[in-house]
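Undergrad: So that we are looking at the same thing, I have put the structure below in structure tokens.
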Amino acid sequence: MSRIDFHQILGVKPDASAAEIKRAFKRMAMRWHPDRNPDPGAHEQFRLAREAFERLTEAHYTEPDTPADDAPADEAPPPRPRGEDRHMELEVDLEEAALGGSAEVTVDGRVPCSPCEGSGHRSYGRTTMCGACHGSGRIRSPQGLEPCPTCNGRGYFTDTRCSECDGRGWHPAERQLSVTLPPAMLPGEELRITGQGGPAPDGGVPGDLYLALRARPHPLFRLEGHDLHLSMPVSVFRVLAGGEIRVPTLGTPIDVLLPESSTETRIVVPGAGFPGRQKRRTGDLVVHLQVQYPRFLTNEQKALLEMADQVMCQQLDDQSPTLARWRDQQRAGA
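Here full-length UniProt numbering is used: the first residue of the sequence shown is 1, the next is one more, and so on.
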């Protein structure tokens, strides 16, 4: 895009001064800033106005006898000033941290001050008398009357700061930011959002926003490193009989084989924990079984258990060596 196009975007003459360009940009910013203008095309108009301001401002500070295209190849352009980086915490569910998703973040923003058009100053000033010289502009010294150093001999001060914004040129305003969460982000890791930090200084670029993830407490899982721990109640009958049990994960539940008559109360499912990312491996799912006994037995259950006990007594040597030794000790002592 040519130089005259940038002047047309801001609505200034080709020989406009840097101050005129700045004022024109502030007027455009007040009109097209996305935080103030809901028009779908506002973002593009604001981007064009900012680009025009930056290009025209750079042109004003380029030496006329040293065109930018003739700059020595080994001399890098000076870095542009950046706004401050900001850091916030973002609380998400453990599933969102593991599988990805989206979140709404409220960040501090700014809107230009309308009365001063974002300049921070007003066209008229408030005059106050200088207290040092009582408005005379002169003070008495051993050498005689001299100009007052406090007011530079004027006898008064003129304050042109905008009273609405206290000379800042802007007002604080919160804005909503939609953030996409990549999958497999562990709590404590930071997500960088480019250009969403502190506002850009004149001729500069905005800072970045860093969001540190914090996971809400989960009703089922406890995260240790990248392993998931789950406390799961299971029937004593299932523990004795063995077979598959349905185990929840951060995604789709899985079936885990429980060995029959196992005394192990801890099952490790490799690769079913927190997902891996880049060089970090996927964690494991550690299931802590909480064996549950019935509060009472029905007659049918008692009959079945009596039958199972009788069958076991007939095969004690194979099924329960401990009970078999106890039986033999009793017989020997009889």
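Backbone N, C-alpha and C define an ideal beta-carbon position, used for all residues, glycine too.
(1) Going by C-alpha to C-alpha distance, which of A332, A132, T57 and G273 sits closest to H229?
(2) For R216, which option in E95, A18, I139 and V111 has the closest C-alpha, if you only look at C-alpha atoms?
(3) Rounded to a whole number of angstroms, what is the C-alpha to C-alpha distance between L99 and G251?
(4) Between residue 349 and C116, is the Cβ-Cβ spacing less than 8 Å?
(5) Just verifying my parser: in three-state terms, what is the DSSP assignment at H7?
(6) Can you list, in chain order, the residues of its chain whose CB lies under 8 Å from that of A49, leaving out five sequence neighbours each side?
(7) Select from D284, T265, E306 and Q301 the residue whose C-alpha is nearest the C-alpha of Q290.
(8) Under 7 Å Cβ to Cβ from E84, same chain only, skipping five residues before and after it: list those, please.
(9) Decide if the region 256-271 is in contact with the region 287-307; the criterion is three or more beta carbon pairs, one per stretch, under 8 Å apart.
(10) If you draw a straight line from the C-alpha of L181 to the C-alpha of L223, how long is it?
(11) Could you spell out where the alpha helix (DSSP H) holding L316 opens and where it closes?
(12) Could you give the C-beta distance for D284 and P270, rounded to a whole number, given that I count them as a contact under 8 Å?
(13) Does the count of Cβ pairs from the region 98-113 and the region 171-181 closer than 8 Å reach three?
(14) Can you tell me whether DSSP reads G333 as helix, strand or coil?
(15) Looking at the structure shown, is R138 part of a helix, part of a strand, or coil, going by DSSP?
(16) Which same chain residues, not among the five before or five after L323, have their C-beta less than 7 Å away from its C-beta?
(17) Using alpha carbons as the reference points, say which of P253, K22, S261 and D309 lies closest to S235.
(18) In terms of DSSP beta bridges, what is P14 paired with?
(19) How would you write the range of the alpha helix (DSSP H) that Q143 sits in, first residue to last?
(20) Within 10 Å of its beta-carbon, does K22 have 16 or more other beta-carbons around it, so buried, or fewer, so exposed?
(21) Is the Cβ-Cβ distance between L213 and M88 less than 8 Å?
(22) Quick check on the DSSP output: the beta strand (DSSP E) that includes L99 runs from which residue to which?
(23) Count the other CB atoms within 10 Å of the CB of L90; is the residue buried (16 or more) or exposed (fewer)?
(24) Quick one: what's H229 bridged to in DSSP?
(25) Applying the 10 Å Cβ sphere with the 16-neighbour rule, what's the burial state of I4?
(26) Which residues mark the beginning and the end of the alpha helix (DSSP H) in which R238 is found?
TA: Checking against the coordinates, here is how it stands:
(1) Taking the first residue of the sequence shown as position 1, residue 229 is located at position 229. Comparing Cα-Cα distances from H229 to each of A332, A132, T57 and G273, the minimum goes to G273.
(2) Reading the sequence shown from its first residue, position 216 is the one you call residue 216. If we check each option's Cα against that of R216, E95 comes out closest.
(3) Within the sequence shown, residue 99 is the residue found at index 99, counting from 1. Within the sequence shown, residue 251 is the residue found at index 251, counting from 1. Take the alpha-carbon of L99 and the one of G251: they are about 8 Å apart.
(4) Any property of residue 349 remains undetermined from this structure, which presents the chain solely from 1 to 334.
(5) Here the question's residue 7 lines up with position 7 in the sequence shown. Residue state, collapsed to three classes: helix.
(6) Indexing the sequence shown from 1 puts residue 49 at position 49. Here the set comprises I9, L10, F25, M28, A29 and W32.
(7) Looking up residue 290 in the sequence shown gives position 290. For Q290, the closest C-alpha among the options D284, T265, E306 and Q301 is that of T265.
(8) For the purposes of this step, residue 84 is taken as the residue at position 84 of the sequence shown. If we look at E84 and ignore the five residues flanking it on each side, its Cβ neighbours are G197, G198 and G207.
(9) Cβ pair count under 8 Å is three or more, so yes.
(10) As a working note, residue 181 is residue 181 in the sequence shown. As a working note, residue 223 is residue 223 in the sequence shown. Looking at the two C-alpha atoms, the distance is approximately 19 Å.
(11) If you number the sequence shown from 1, residue 316 lands on position 316. Note, L316: alpha helix (DSSP H), L316 to Q319.
(12) As a working note, residue 284 is residue 284 in the sequence shown. As a working note, residue 270 is residue 270 in the sequence shown. Correct: roughly 5 Å between the Cβ atoms.
(13) The region 98-113 is in contact with the region 171-181.
(14) The residue given as residue 333 occupies position 333 in the sequence shown. Helix at G333.
(15) Counting from one through the sequence shown, the residue named residue 138 turns up at place 138. It is a strand residue.
(16) Along the sequence shown, one-based indexing puts residue 323 at 323. The residues are L316.
(17) Taking the first residue of the sequence shown as 1, we reach residue 235 at position 235. Ranking the options by Cα distance to S235, first place goes to S261.
(18) As a working mapping, residue 14 is identified with position 14 in the sequence shown. P14 is not bridged to any residue.
(19) The residue given as residue 143 occupies position 143 in the sequence shown. From DSSP, Q143 is part of no alpha helix (DSSP H); its letter is neither H nor E.
(20) Here residue 22 corresponds to residue number 22 of the sequence shown, with the count starting at 1. Buried is the call here.
(21) On the sequence shown, residue 213 is found 213 positions in, with the first residue counted as 1. On the sequence shown, residue 88 is found 88 positions in, with the first residue counted as 1. For L213 and M88, no; Cβs fall outside 8 Å.
(22) Indexing the sequence shown from 1 puts residue 99 at position 99. Unbroken run through L99 is the alpha helix (DSSP H), L94 to L99; no beta strand (DSSP E).
(23) In the sequence shown, the residue the question calls residue 90 occupies position 90. It is buried - the Cβ of L90 has at least 16 other Cβ atoms within 10 Å.
(24) Taking the sequence shown and counting its residues from 1, the one referred to as residue 229 is at position 229. BP columns for H229 point to R222 and V286.
(25) As a working note, residue 4 is residue 4 in the sequence shown. Low local confidence applies: a pLDDT of 44 at I4 is under 50, so the model's placement there is unreliable, and no value is given.
(26) Taking the sequence shown and counting its residues from 1, the one referred to as residue 238 is at position 238. Counting along the chain, the unbroken alpha helix (DSSP H) around R238 starts and ends at V236 to A241.
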